[in-house]
Amino acid sequence: MYPEKEFTYTFFDQSIKDFYTREKQLSKLLNWSTALSVFISCLGLLGLVIYTANQRQKEIGIRKVLGASITQMVNLLSKDFLKLVIIACIVAAPLAWWACSNWLDNFPYRAPLNAWIFLAGAAILII
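Counted the way our numbering counts, the sequence shown spans residues 1 to 127.
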């Protein structure tokens, strides 16, 4: 059709691979940043647990002397942290939905965002 242009060709699978290169790079970046943020969050939570246990050391000792089980002690100490995790899930869920929705808008055939995905993530965090 155009005699002045040289004919070039590519295989369809190579075209698809080139199209999704940016998405794969973004996926790697998000995976590493997520792992780093989870690691830093766990360190912060560990520090908070140690601080709280040191602050309540006398209370823990008295409860142990009076016969409290380990399960009761864990429940006593984790109750405050559970509240923080629930608040974090409530704040993070709408932000995650917004970010995923904006990212999926770039695709012609987008996967549906169901509420169970966010609820499963929150359940994993709470457990």
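For every residue, glycine included, the Cβ atom is placed at its ideal position computed from N, Cα and C.
Own chain partners of residue i with C-beta closer than 8 Å, once the 5 adjacent residues on each side are dropped
| i | result |
| --- | --- |
| arginine 110 | Leu104 |
| leucine 125 | Val85, Ala88 and Cys89 |
| valine 73 | For the record, residue 73 in the displayed sequence is methionine; it is not valine. Here the set comprises Ile60, Arg63 and Lys64. |
DSSP state of residue i mapped onto helix, strand, coil
| i | result |
| --- | --- |
| threonine 71 | helix |
| leucine 113 | coil |
| lysine 5 | coil |
| isoleucine 90 | helix |
Within 8 Å, strictly: CB atoms of residue i and residue j
| i | j | result |
| --- | --- | --- |
| serine 101 | leucine 113 | yes |
| alanine 99 | alanine 122 | no |
So, does the region 40-53 touch the region 74-93, judging by three or more C-beta pairs under 8 Å?
By the Cβ test, the region 40-53 is in contact with the region 74-93, since at least three Cβ pairs between them sit closer than 8 Å.
Alpha helix (DSSP H) runs wholly inside the region 33-83, at least 4 long, in chain order
Taken in chain order, the complete alpha helix (DSSP H) segments of 4 residues or longer contained in the region 33-83 are 57-65.
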